[in-house]
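Peer 1: Numbering (my numbering), first residue to last: -15 to 153.
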């Protein structure tokens, strides 16, 4: 299996958004049933792609796009963020995500700490980050300990999130 990361082209943004939504919606539908809107709004994905210091990539397997990843690289601190990592549900359980994560780590060797977040109900993601990629849960956001950002999250279970870190150096 040949896996590569290819920089996301502006002309691919809408399909990237839709593929991301399909991947993220799967767990929400399994947990909460069908939703009127995607669990991750288009605007949030576009904001991640265009965030300061963000770098977005398509995941290509044997010449076909099967997912994507968005990271934010902060050269001054080297505390970097994984904003999005998704693989098409049709391609799960093939080691693609784990291989992609290793590729990201190799691409940014100066990283001191990686940080990411995932909703509490995303058991597959929690398993992936903790057991496959070596992250640690360092914070649990909930109504008694809210996430310190100003906007509210309207997604199912949106008040309940884990924050993960992986210390590299």
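C-beta: ideal position from N, C-alpha, C; glycine also. If you're wondering where the values come from, they're calculated on a predicted model, not measured in any experiment.
Between the C-alpha atoms of residue 157 and residue 89, what's the straight-line distance to the nearest angstrom?
Peer 2: Look at the range of the chain in this structure, -15 to 153, and you will see that residue 157 is not part of it.
Peer 1: Return the chain-ordered list of same chain residues with a C-beta closer than 6 Å to the C-beta of residue 69, the five sequence neighbours on each side being excluded.
Peer 2: By one-based count along the chain shown, residue 69 stands at place 85. Once the five neighbours on either side are set aside, the close Cβ partners of residue 69 are 53.
Peer 1: Three or more C-beta pairs closer than 8 Å, one from the segment 117 to 127 and one from the segment 10 to 22: is that the case here?
Peer 2: Short answer: they don't touch.
Peer 1: Measuring CA to CA, which of 46, 76, -8 is closest to residue 40?
Peer 2: For this step, residue 40 is matched to residue 56 along the chain shown. Residue -8 is the option with its Cα nearest to residue 40.
Peer 1: Could you tell me if residue 100 is buried or exposed, where buried requires 16 or more neighbouring beta carbons within 10 angstroms of its beta carbon?
Peer 2: Residue numbering aside, residue 100 sits at position 116 when the chain shown is read from its first letter. Buried: at least 16 other Cβ atoms inside 10 Å.
Peer 1: Work out the CA separation of residue 97 and residue 63 for me, nearest whole Å.
Peer 2: Sequence index remark: in the chain shown, residue 63 carries index 79 (1-based). Sequence index remark: in the chain shown, residue 97 carries index 113 (1-based). Answer to the nearest angstrom: the Cα atoms are 5 Å apart.
Peer 1: If contact is defined by three or more beta carbon pairs under 8 Å, each pair taking one atom from either stretch, is the segment 27 to 46 in contact with the segment -14 to 4?
Peer 2: The answer is yes - the segment 27 to 46 touches the segment -14 to 4, with three or more Cβ pairs under 8 Å.
Peer 1: Would you report the Cα separation of residue 143 and residue 30, rounded to the nearest angstrom?
Peer 2: Here residue 143 refers to the residue found at position 159 when the chain shown is read from its first residue. Here residue 30 refers to the residue found at position 46 when the chain shown is read from its first residue. Their Cα atoms are separated by approximately 22 Å.
Peer 1: To which residues does DSSP link residue 53 through a beta bridge?
Peer 2: What you label residue 53 is simply residue 69 of the chain shown in a count that begins at 1. Per DSSP, 41, 69.
Peer 1: For residue 154, is the classification buried or exposed, using 16 other Cβ atoms within 10 angstroms of its Cβ as the cut-off for buried?
Peer 2: Since the displayed the chain opens at -15 and closes at 153, residue 154 lies outside it and no answer follows.
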